[in-house]
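Residue numbers (this note's numbering), protein chains in the order written: chain A, -2 to 211; chain B, -2 to 211.
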């Protein structure tokens, strides 16, 4: 059965983005340190059209992240372009260029309506103003028998985690401190909503923790 | 060469104690959930004089925690008995009964002087009022060629981590949320002072992360 999945990289002190997110620092100051483990991997490089790279214990996690996903949900911040109404003169079309790495429908949670944006390679961004449940419903319909991936950021993930609708959560725990920024688990109290640790993968510079809902 | 070691259990959201620590809840409300992984282990039970129990991937971590340790440093809260001057009428002698599980000198950081307290089995509590550096110096001298263990709580650990004197840090990451309480990494900024992840052990209901200073 199709699942709702969520994956993210988190520092040892619980941050999934650094402080002062901006166009220059989309994931905040120091936030890129959360993702250093993925860049050397052949599995990641091939998605960017690059050759070579490493194969290690993280490879399976990168492969899983894109396998069997039929739709993605993300927040306005993750799509980017600043806050407020969309600009007609200088339309923001996401961080990913003409051929984004999704290749399926992506539902962007926003307060500002906008026509769907179809880019190359099968990625169409749909802008949903009716809230997280409407976005998830639309994503589920679009995904069919495949899974829905909640891509982030933290606030969007918290909304779905709080509703108890996340069936699988993959935390890539990075053994660093960020000290400030956006915490993943700031609003959930002491309740993981049934998500239990089922797999731990020790990889270079990162530990992958897989939780599934019982 | 003798090392300064620190080990602690931490929740996925970074807490090492729950909120509202008290005599009734020495590690705060919900804090015992951080330690559920250790109680079924034969390695832990035998230290309490109990027979039976499980052997699993956590066994080595429990064995390491007591191996080669010649002295312990802990905070006043961890020794317990409330704050303020020591009571002469109702002396608090720690949580551990007549034969504490240390079997070596223990240095308790406190603002209130008190004569050393020698209990059974080789455990003597020394009360240090001259601050964390004096306590660590005394512990190093007492430990000789063996290691010094920083036992906690969080504030004491932070002081030694901030000084960069911790050579080895073992975090037992428990896949639960506490939502409130005492965070381990609240005061260290984005700097682990050279501590780098060198070993990850996947065990039932806990992931053991070993850091050493490079």
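We treat Cβ as the ideally placed atom computed from N, Cα and C, and that holds for glycine.
Does any C-beta atom of chain B lie closer than 7 Å to the C-beta of residue i?
{"i": "residue 96 (chain A)", "result": "no"}
{"i": "residue 56 (chain A)", "result": "no"}
{"i": "residue 194 (chain A)", "result": "yes"}
{"i": "residue 237 (chain A)", "result": "Given a span of -2 to 211 for chain A in the structure shown, any question on residue 237 (chain A) remains unanswerable."}
{"i": "residue 10 (chain A)", "result": "yes"}
{"i": "residue 197 (chain A)", "result": "yes"}
{"i": "residue 204 (chain A)", "result": "yes"}
Taking C-beta to C-beta, are residue i and residue j nearer than 7 Å?
{"i": "residue 192 (chain B)", "j": "residue 182 (chain B)", "result": "no"}
{"i": "residue 1 (chain A)", "j": "residue 195 (chain A)", "result": "no"}
{"i": "residue 163 (chain B)", "j": "residue 3 (chain B)", "result": "yes"}
{"i": "residue 25 (chain A)", "j": "residue 33 (chain A)", "result": "no"}
{"i": "residue 27 (chain B)", "j": "residue 38 (chain B)", "result": "no"}
{"i": "residue 155 (chain A)", "j": "residue 126 (chain A)", "result": "no"}
{"i": "residue 205 (chain A)", "j": "residue 169 (chain A)", "result": "yes"}
{"i": "residue 55 (chain B)", "j": "residue 200 (chain B)", "result": "yes"}
{"i": "residue 66 (chain A)", "j": "residue 106 (chain A)", "result": "no"}
{"i": "residue 69 (chain B)", "j": "residue 100 (chain B)", "result": "no"}
{"i": "residue 219 (chain B)", "j": "residue 10 (chain A)", "result": "Nothing about residue 219 (chain B) can be reported from this structure: the residues present for chain B run from -2 to 211 only."}
{"i": "residue 171 (chain B)", "j": "residue 147 (chain B)", "result": "no"}
{"i": "residue 179 (chain B)", "j": "residue 14 (chain B)", "result": "yes"}
{"i": "residue 175 (chain B)", "j": "residue 174 (chain A)", "result": "no"}
{"i": "residue 5 (chain B)", "j": "residue 149 (chain B)", "result": "yes"}
{"i": "residue 116 (chain B)", "j": "residue 102 (chain B)", "result": "no"}
{"i": "residue 280 (chain A)", "j": "residue 104 (chain A)", "result": "Outside the modelled stretch of chain A, which goes from -2 to 211, sits residue 280 (chain A), for which no answer is possible."}
{"i": "residue 40 (chain A)", "j": "residue 142 (chain A)", "result": "no"}
{"i": "residue 109 (chain B)", "j": "residue 83 (chain B)", "result": "yes"}
{"i": "residue 78 (chain A)", "j": "residue 93 (chain A)", "result": "no"}
{"i": "residue 177 (chain A)", "j": "residue 16 (chain A)", "result": "yes"}
Quick check: is the beta carbon of residue i nearer than 7 Å to any beta carbon in chain A?
{"i": "residue 185 (chain B)", "result": "yes"}
{"i": "residue 69 (chain B)", "result": "no"}
{"i": "residue 164 (chain B)", "result": "no"}
In the DSSP output, what is residue i paired with across the bridge?
{"i": "residue 199 (chain A)", "result": "A:204"}
{"i": "residue 4 (chain B)", "result": "B:167"}
{"i": "residue 115 (chain A)", "result": "A:121"}
{"i": "residue 180 (chain A)", "result": "A:12"}
{"i": "residue 210 (chain B)", "result": "B:192"}
{"i": "residue 61 (chain B)", "result": "Partner(s): none; residue 61 (chain B) has no beta bridge."}
{"i": "residue 51 (chain B)", "result": "B:38"}
{"i": "residue 106 (chain A)", "result": "A:72 and A:125"}
{"i": "residue 144 (chain B)", "result": "B:66"}
{"i": "residue 149 (chain B)", "result": "B:71"}
Would you say residue i touches the ligand FMN, meaning its beta carbon is less than 6 Å from a heavy atom?
{"i": "residue 152 (chain B)", "result": "Among the components of this structure there are no ligands whatsoever, and the ligand FMN is therefore not found."}
> If you measure beta-carbon to beta-carbon, which residues of the stretch 166 to 190 of chain A are closer than 7 Å to chain B?
Replying inline: For the stretch 166 to 190 of chain A, which is checked against every Cβ of chain B, the residues closer than 7 Å are 172, 173, 174, 175, 176, 182, 185, 186, 187, 188 and 189.
>> Please identify, using Cβ separations under 7 Å, the residues of the stretch 26 to 38 of chain A that lie next to chain B, in order along the chain.
In response: For the stretch 26 to 38 of chain A, which is checked against every Cβ of chain B, the residues closer than 7 Å are 27.
> Going along the chain, which residues of the stretch 117 to 134 of chain A sit with their C-beta nearer than 7 Å to a C-beta in chain B?
Replying inline: Listed by position, the residues of the stretch 117 to 134 of chain A near chain B (Cβ gap below 7 Å) amount to none.
>> Which residues of the stretch 73 to 91 of chain B have a Cβ closer than 8 Å to any Cβ of chain A? Give them in chain order.
In response: Result list empty, no residue passes.
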